[in-house]
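J.:
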Amino acid sequence: MALGNTAVRILVSVFAIPALVLLAYFGDVYFLSLVLIIAGISFYEFSVMAKSKGANVNVNFGLIAVIFLILNQYRFFFSQYHFLIGFFIVLLLFELFRNNGSAIQNLGATLLGVFYMGIFGSTLVGIREFYPNINGLYNQGGYLIISIFTAIWICDSAAFFGGTALGKHKLFPRVSPKKSWEGAIFGFVFAILAMILAKNIVLDFLSIKDAISIGFIIGTLGQIGDLTESLIKRDAGVKDSSNLIPGHGGIFDRFDSLLFSSPIIYLYLTYFSR
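476 is the number of the first residue of the sequence shown in our numbering; add one for each residue after it.
1) Going along the chain, which residues of its own chain have a beta-carbon closer than 8 Å to the beta-carbon of Ile726, five neighbours each way excluded?
2) When DSSP builds the beta bridges, which residues end up paired with Gly724?
3) Determine the contact status of Ala634 and Gly658, defining contact as a CB-CB distance below 8 Å.
4) Please report the straight-line C-alpha distance between Ile739 and Ala711, rounded to a whole angstrom.
5) Which partner residues of Lys645 appear in the DSSP bridge assignment?
6) Check whether the Cβ atoms of Ile671 and Ala686 lie closer than 8 Å to each other.
7) Hey, could you find the ends of the alpha helix (DSSP H) Ile687 is sitting in?
8) Is the beta carbon of Phe595 sitting closer than 8 Å to the one on Phe506?
9) In three-state DSSP terms, what is Ile609?
10) In chain order, which continuous runs of the alpha helix (DSSP H) of length 4 or greater are located wholly inside the segment 557-585?
11) Going by DSSP, what residue range makes up the alpha helix (DSSP H) through Ser705?
12) Once the 5 residues before and after Gln580 are set aside, which same chain residues still bring their CB inside 7 Å of it?
13) Hey, quick one: how far does the alpha helix (DSSP H) through Glu520 stretch, first residue to last?
14) Could you have a look at Phe624 and say whether DSSP puts it in helix, strand or coil?
15) May I have the straight-line CA-CA distance separating Glu604 from Phe663, to the nearest angstrom?
16) Alpha carbon to alpha carbon, how far is Thr695 from Leu678? Give it in angstroms, no decimals.
17) Which class does Phe636 belong to by DSSP, given the choice of helix, strand or coil?
18) Return the CA-CA distance between Tyr743 and Lys684, expressed in angstroms with no decimal places.
19) Any idea what DSSP makes of Lys674, helix, strand or coil?
20) Between Val510, Cys630, Asp503, Ser651, which has its C-alpha nearest Ile660's C-alpha?
21) Would you call Leu486 buried or exposed, if buried means 16 or more other Cβ atoms sit within 10 Å of its Cβ?
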């Protein structure tokens, strides 16, 4: 007997969530590999969606750039800023000789994909590697990533159930007709509560201010990230970024909130965390 969509989603989650937690905890090349997979496949899914709008993303060169940006965050080779300058010049040269549709659309879509998946994805590695690998401090990055994962999942669930039960005012009907302000508020509140709870269980190295701030970022930008991906999908005329994950859609679908919120969390840790 075939499993229903809800059963498939639950079954996939039962196997996927422990794997994500373990990879985040052990960090190093294990988490690096996870981020490379997330960013690389998301970039490819984005390139397929962009093609439906007439943009021919430079997939091979773009993937190389995404991979390098993430590897460079893990083991610094040279400035990301200098790399991006070089990448943009080479991309223009590639496009000059491609003769494959609209140059403006091709360049714009390729750059958007590289920035979205490459730079945003690299900050995930930055968060995991934020604490030095000395005196047990390295585990702190693992606990923080796991807590961010959990807060995003709780935020999504709270927004869904809160919106289903109480949603009356549409949040952004042009982009996502089913989402409501009530659901968004539920998600926002529970994201902050999840980070406060995590601070009291595994994130004792963070201040309460830091925990609330990260919860605030997840509760706002995480949900905006979901809306942003919905905007891209709606423009491309697709329901999911792909059908790679049974019952869940694509990789970009599952990690849109994480990719969108991680740069601000990383900047917060760098400049504002105690």
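Every residue gets a Cβ at the ideal spot worked out from N, C-alpha and C, and that includes glycine.
T.: Considering the structure as presented:
1) The residue given as residue 726 occupies position 251 in the sequence shown. Cβ neighbours of Ile726 beyond the five flanking positions: Ile512, Ile513, Ile516, Ser517, Glu520, Ser716, Ser717, Leu719, Ile720.
2) Residue 724 sits at position 249 when you count from the first residue of the sequence shown. BP columns for Gly724 point to Ile720.
3) Position 159 of the sequence shown holds residue 634. Position 183 of the sequence shown holds residue 658. Closer than 8 Å, so yes.
4) Within the sequence shown, numbered from 1, the residue matching residue 739 stands at position 264. Within the sequence shown, numbered from 1, the residue matching residue 711 stands at position 236. Here the alpha carbons of Ala711 and Ile739 stand approximately 27 Å from one another.
5) As a first step, residue 645 must be located in the sequence shown, where it is residue number 170. Residue pairing by DSSP places Lys645 opposite Ser655 in a beta bridge.
6) As a first step, residue 671 must be located in the sequence shown, where it is residue number 196. As a first step, residue 686 must be located in the sequence shown, where it is residue number 211. Contact: yes.
7) Here residue 687 corresponds to residue number 212 of the sequence shown, with the count starting at 1. Where Ile687 is concerned, the enclosing alpha helix (DSSP H) stretches over 683-692.
8) On the sequence shown, residue 595 is found 120 positions in, with the first residue counted as 1. On the sequence shown, residue 506 is found 31 positions in, with the first residue counted as 1. Contact check for Phe595 against Phe506 fails: the beta carbons are separated by 8 Å or more.
9) Position 134 of the sequence shown, counting from 1, holds the residue named residue 609. Look at Ile609 here: in three-state DSSP terms it is coil, with no helix or strand label.
10) Listed in chain order, nothing qualifies, since the segment 557-585 has no complete alpha helix (DSSP H) run of 4 or more residues.
11) Here residue 705 refers to the residue found at position 230 when the sequence shown is read from its first residue. Here the alpha helix (DSSP H) through Ser705 covers 698-711.
12) The residue given as residue 580 occupies position 105 in the sequence shown. Residues of the same chain with a CB within less than 7 Å of the CB of Gln580, apart from the 5 flanking positions on each side, are Gly529, Ala530 in chain order.
13) The count along the sequence shown starts at 1 and reaches residue 520 at position 45. Annotation for Glu520: the continuous alpha helix (DSSP H) segment containing it runs 503-526.
14) What you label residue 624 is simply residue 149 of the sequence shown in a count that begins at 1. DSSP places Phe624 in the helix class (H, G or I) of the three-state scheme.
15) Numbered from 1 along the sequence shown, position 129 holds the residue referred to as residue 604. Numbered from 1 along the sequence shown, position 188 holds the residue referred to as residue 663. It is roughly 27 Å from the alpha-carbon of Glu604 to the alpha-carbon of Phe663.
16) Residue mapping note: residue 678 aligns to position 203 of the sequence shown, counting from 1. Residue mapping note: residue 695 aligns to position 220 of the sequence shown, counting from 1. Leu678 and Thr695: Cα-Cα distance of roughly 21 Å.
17) Here residue 636 is taken as the residue at index 161 of the sequence shown, counted from 1. Phe636: helix per DSSP, three-state reduction.
18) The count along the sequence shown starts at 1 and reaches residue 743 at position 268. The count along the sequence shown starts at 1 and reaches residue 684 at position 209. The alpha-carbon of Tyr743 is positioned some 11 Å away from that of Lys684.
19) For this step, residue 674 is matched to residue 199 along the sequence shown. Annotated three-state conformation of Lys674 is helix, per DSSP.
20) If you number the sequence shown from 1, residue 660 lands on position 185. Comparing C-alpha distances from Ile660 to each of Val510, Cys630, Asp503, Ser651 shows the shortest one belongs to Cys630.
21) Taking the first residue of the sequence shown as 1, we reach residue 486 at position 11. Around the beta carbon of Leu486, a 10 Å sphere encloses fewer than 16 other beta carbons of the protein chains shown; the residue is thus reported as exposed.
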